[in-house]
Structure formats: structure tokens, C-alpha cells
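Take 1 as the starting number for the sequence shown in the numbering used here and just add one per residue.
Where is the CB? At the ideal position from N, CA and C, for every residue including glycine.
Note that this is a predicted model, so its numbers are computed, not measured.
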Amino acid sequence: MTRTRTLSRILPGNREEDKKVHAMFKYRRTGLDGMKKAVLLGVAQGPKHSVFQLEKKKQALDAIRELLHNLEFATWDTAKLMGPLGAADTGKPTMKYSNSAYDDKYFAMSKGQYTVQVFFGKKKVILSVQTINDEREHLLSVVQKFCGK
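Below you can see the structure in the form of C-alpha cells.
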């Protein structure tokens with residue numbers, strides 16, 4: 001006979017097992033440095049082209065910048081993403097993030113073997129990465145490092 005877990009079983013309680021389960025869900029929402037992760041909504045990959053769909057929040061902007069730095073893009077390349085916040089040159093925003101500042105914005109940049117295109121829609125962010133070689137697994141692991149489900 002199998003038993004199913006109820007929602008009250010997952011919520012934190014006095015039991016040690018409940019605390020472990022709650023900590024696991026809490027870790028999933030935050031990165032190793034304690035910063036909230038962006039939400040990855042979908043992935044489509046071909047041999048030399050990968051497309052990632054993220055939920056449009058401030059964490060998505062931070063995750064994309066960190067991902068590009070991880071792919072060896074320079075800081076001045078990723079500073080372009082901060083343009084709608086008044087920081088296209090320095091990378092340090094002069095205004096607070098808002099979703100409306102990034103409605104229908106498009107950014108494109110190239111570095112070595114990577115060509116990256118970022119489109120900010122109304123509710124989602126589309127990140128398109130084209131490579132010279134087949135780098136599907138590497139790109140997916142890098143994206144999962146900065147994004148949660």
C-alpha cells in the first residue's frame with residue numbers, strides 16, 4: 001500500500017524531515033550566493049543554436065549578465081543590457097529596475113564563437129545563443145547554474 005504526501009507534509013514543521021524538504025525547496029529558489037535565481041520557462045536546442053525562455057523579472061537580467069560573463073563576454077559588452085536603466089556606458093544603473101523599462105527591447109552581441117540575441121517581451125525574455133561548434137550541453141549547464149525551474 002502506498003501513501004501519498006499531502007501539502008501539510010511538505011510545509012515546514014517540527015519534524016526533522018520536514019525541515020530538510022523545506023530547505024531543499026528554498027535552495028532551489030536561490031543560488032549558491034543567496035541571490036534569487038531567474039525562472040527558466042523553456043528550452044529549445046539545435047546543434048549550433050540554443051533558445052532559452054525566462055520569466056521577465058530583475059533576476060532574469062542579472063542571470064543573463066552573469067551567463068554572458070561566464071561565456072567570457074566583457075563587462076562593457078553586457079553593460080548595453082543596462083541601457084534602459086540609464087547605464088549603457090558604465091553598467092551601473094541610475095534608475096531602479098522596472099518591467100516596463102524593458103518592454104520590447106532587443107540586444108545583440110558577439111564574442112568569439114558566440115552570437116547572442118536577447119529580446120525582452122511583455123512577460124518573457126528570450127535568449128538566443130548561436131555557436132560555431134556544437135555546445136548544447138555546455139550552454140544548458142551554464143544556464144541552469146543561473147536559473148531555477
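Quiz prompt | Any 3 or more C-beta pairs closer than 8 Å across the segment 105-120 and the segment 37-48 | solution = Flag = no, the segment 105-120 and the segment 37-48 do not touch.
Practice problem: Return helix, strand or coil for Thr115, following the three-state DSSP convention. | Solution: DSSP places Thr115 in strand when its eight states are reduced to three.
Practice problem: In the DSSP assignment, find the beta strand (DSSP E) that holds Lys124 and state where it starts and stops. | Solution: Counted as a single uninterrupted DSSP element, the beta strand (DSSP E) harbouring Lys124 occupies residues Lys124 to Thr131.
Quiz item: Any beta-carbon of chain C closer than 8 Å to the one on Glu55?
Solution: Protein chain content of the structure displayed is limited to a single chain, and chain C is not contained in it.
Practice problem: Go ahead and pull the three-state DSSP assignment for Leu71. | Solution: Residue state, collapsed to three classes: coil.
Quiz item: Is Val118 closer than 8 Å to Leu71 when the C-beta atoms are compared?
Solution: Contact: no.
Quiz item: Would DSSP call Asp77 helix, strand or coil?
Solution: Here Asp77 sits in helix by DSSP.
Quiz item: Quick one: is Ile64 buried, meaning 16 or more other Cβ sit within 10 Å of its Cβ, or exposed?
Solution: Buried is the call here.
Quiz item: For Gly83, which option in Glu66, Leu67, Lys105 and Leu68 has the closest C-alpha, if you only look at C-alpha atoms?
Solution: Nearest C-alpha to Gly83: Lys105.
Quiz item: Alpha carbon to alpha carbon, what distance is there between Met109 and Leu32?
Solution: For Leu32, the predicted structure reports a pLDDT of 46, less than 50, and the residue's modelled location is therefore unreliable. The matter cannot be settled from this model.
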